[in-house]
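Step one of this worksheet: look at the structure below.
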Amino acid sequence: MKILLDMNLAEIVEEFALINLPKYKAKQVYNWALRGVDFDEMTDVDKKTRALLKERYIAVPAKIHTKLVSKDKTQKYLFKLHDGNVIEGVLMNYKYGNTLCVSTQIGCRMGCKFCASTLNGLVRSLTPGEILSQVITANAENGGTIDKRQVTNIVLMGSGEPFDNYDNVVKFLNLVNSEDGLNVSYRNISLSTCGLVPEMKKFADLEIPVNLTISLHSPVNERRKEIMPIANKYSVEEIISAAKYYFDKTKRRVIF
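The numbering of the sequence shown is my numbering, which starts it at 130 and goes up by one.
Structure follows, in structure tokens:
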């Protein structure tokens, strides 16, 4: 089955045309999906269409399985995916808005010694819609709508290395920024990487102006090699050079 949120509105229109559904129904269904609503609850969509869609698509691929709230109102989510896998997310409250930390992979293969995400290796990468669904679900959980979002900022700092899931992460960024979607400004999004230099440069060339955060943990190459296997491939000097290239291309800040 296909994940509906893997597609943008134009792609859904094309997809629905293949099963003889008109353009207006694509818009109806997409608006419901952006609110985290499953097919059965799409009240202005007729039952026949809902039944047809349920046979072919997944509307909400990430649902809240467990929610914990701390004294400072930080919310920690365990999202259960449509295939039974689980990932974590955290919603943090600040004066300037609410920031959601999302995962980009189930597990991770980077092998950083200080990170629990890598303990069982990489299970699989998340699709664009599975990443987007974390934002949609957290937004809905806090009473947010498409026009009045309760998730105002996004950081890609959960489980997984975003640049190890490059294509899906880029598609997610385009989806979440789209005027047909949640319309989150790129400037309100931060992406964290352990330092995959080729992907950093490739991403810079797209000139998507998100904030880039680099998990350096040590400026000393030999020390970094002890705790981060990726350091055996890319030196601190190469990472800094790629970071400068990213800044020159996007004019967005890079944080170490």
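Beta carbons: idealized from backbone N, C-alpha and C, even for Gly.
Nothing here was measured: the structure is a model prediction, and the numbers come from that model.
For residue i and residue j, what's the separation of their Cα atoms in angstroms?
i, j, result
"Phe121", "Thr195", "The question about residue 121 has no answer here: the residues shown for the chain are numbered 130 through 385."
"Val231", "Glu217", "7 angstroms"
"Asn350", "Ala360", "7 angstroms"
"Val215", "Thr247", "14 angstroms"
"Val219", "Phe208", "10 angstroms"
"Glu270", "Val166", "11 angstroms"
Taking the alpha-carbon of residue i as reference, which of the options has the nearest alpha-carbon?
i, options, result
"Pro348", "Ile318, Ile369, Asp167", "Ile369"
"Leu134", "Ser262, Val215, Val284, Leu150", "Ser262"
"Leu255", "Tyr223, Gly213, Leu248, Thr281", "Gly213"
"Met221", "Ile235, Glu259, Tyr206", "Tyr206"
"Glu367", "Val280, Val313, Asp334, Cys323", "Cys323"
"Pro358", "Cys241, His346, Arg253, Phe168", "Cys241"
"Gln157", "Leu138, Ile265, Thr281, Leu147", "Leu138"
Name the DSSP bridge partner or partners of residue i?
i, result
"Tyr223", "Gly226"
"Asn268", "DSSP lists no partner for Asn268."
"Leu285", "Leu320"
Exposed or buried, residue i, counting other C-beta atoms within 10 Å across all chains shown (16 or more means buried)?
i, result
"Val198", "exposed"
"Phe243", "exposed"
"Lys373", "exposed"
"Lys177", "exposed"
"Met130", "exposed"
"Glu355", "exposed"
"Lys89", "Summary: the structure shown does not reach residue 89, with the chain confined to residues 130 through 385, and so no result is reported for it."
"Asn227", "buried"
- Query: Taking the runs of the beta strand (DSSP E) that are 3 residues or longer, which of them lie wholly in the segment 147 to 219?
  - Reply: 191 to 198, 204 to 210
- Query: Where in the segment 337 to 361 do unbroken runs of the beta strand (DSSP E), each at least 3 residues long, occur, reported from the N-terminal end onward?
  - Reply: Segments of the beta strand (DSSP E) lying fully in the segment 337 to 361: 340 to 343.
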